[in-house]
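Residue numbers (this note's numbering): 562 to 759. One structure is given here, and the rest of the page talks about it.
Listed below in structure tokens is the structure:
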């Protein structure tokens with residue numbers, strides 16, 4: 562059952578991407594988790610001015626995140642998006658972005674569509690419902706123990722390295738320009754293993 566569900570999710574996510582929900586800039590098919598590619602991405606975004614915690618998600622962890630909201634539309638359309646940005650103040654979700662809510666440019670996605678990232682926290686691209694506060698379970702799922710005032714979680718994948726990197730850099734710019742770097746912690750969660758697990 563797990564294999565069938567995973568195949569359906571992967572096909573659905575690919576179809577969304579191919580249909581233009583997050584234009585495929587630099588799409589890179591992956592067949593396995595590649596430690597070298599992972600290390601290269603993390604090295605390229607680490608910055609001693611930011612508190613950054615990189616995590617490699619396994620299939621079960623990302624599936625637990627995807628299903629922590631009991632809504633099939635959420636599970637199969639929103640939560641399975643390859644690149645996601647979530648801003649929390651303690652356990653309250655303040656702002657949420659997925660790759661298909663960012664407009665496409667000539668070579669990448671514009672995460673700052675409609676100037677959402679001009680303020681802190683950014684204007685949420687997805688309407689936040691009461692049920693979505695369950696996403697604070699990310700802390701337990703991934704064993705995140707951080708007492709910063711704000712926690713920012715970025716889900717990313719080497720299937721979309723350019724879009725993933727631009728999401729991370731957009732977050733860093735948002736924190737720097739709004740002078741809240743010292744109040745925040747960034748958690749970068751790689752989900753490659755979810756997409757390649759048979």
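Where is the CB? At the ideal position from N, CA and C, for every residue including glycine.
Secondary structure of residue i, DSSP reduced to three states
{"i": "residue 692", "result": "helix"}
{"i": "residue 735", "result": "helix"}
{"i": "residue 754", "result": "helix"}
{"i": "residue 711", "result": "strand"}
{"i": "residue 724", "result": "helix"}
{"i": "residue 609", "result": "coil"}
{"i": "residue 741", "result": "coil"}
{"i": "residue 597", "result": "helix"}
{"i": "residue 698", "result": "helix"}
{"i": "residue 603", "result": "helix"}
Buried/exposed call for residue i, threshold 16 Cβ in 10 Å
{"i": "residue 708", "result": "exposed"}
{"i": "residue 690", "result": "exposed"}
{"i": "residue 734", "result": "exposed"}
{"i": "residue 583", "result": "For residue 583, the predicted structure reports a pLDDT of 41, less than 50, and the residue's modelled location is therefore unreliable. The matter cannot be settled from this model."}
{"i": "residue 618", "result": "buried"}
{"i": "residue 701", "result": "exposed"}
{"i": "residue 596", "result": "exposed"}
{"i": "residue 633", "result": "exposed"}
{"i": "residue 607", "result": "exposed"}
Closest Cα partner of residue i within the set the options
{"i": "residue 727", "options": "661, 678, 672 and 701", "result": "672"}
{"i": "residue 679", "options": "637, 739 and 700", "result": "739"}
{"i": "residue 754", "options": "696, 719 and 697", "result": "719"}
The ligand GTP heavy atom lying under 7 Å from the CB of residue i
{"i": "residue 609", "result": "The ligand GTP is not part of the structure shown, which contains no ligands of any sort."}
Which residues DSSP lists as bridging residue i, in chain order
{"i": "residue 614", "result": "748"}
{"i": "residue 716", "result": "645 and 750"}
Identify every run of the alpha helix (DSSP H) within the segment 616–681, keeping only runs that are complete inside it and at least 4 residues long; order them along the chain.
620–627
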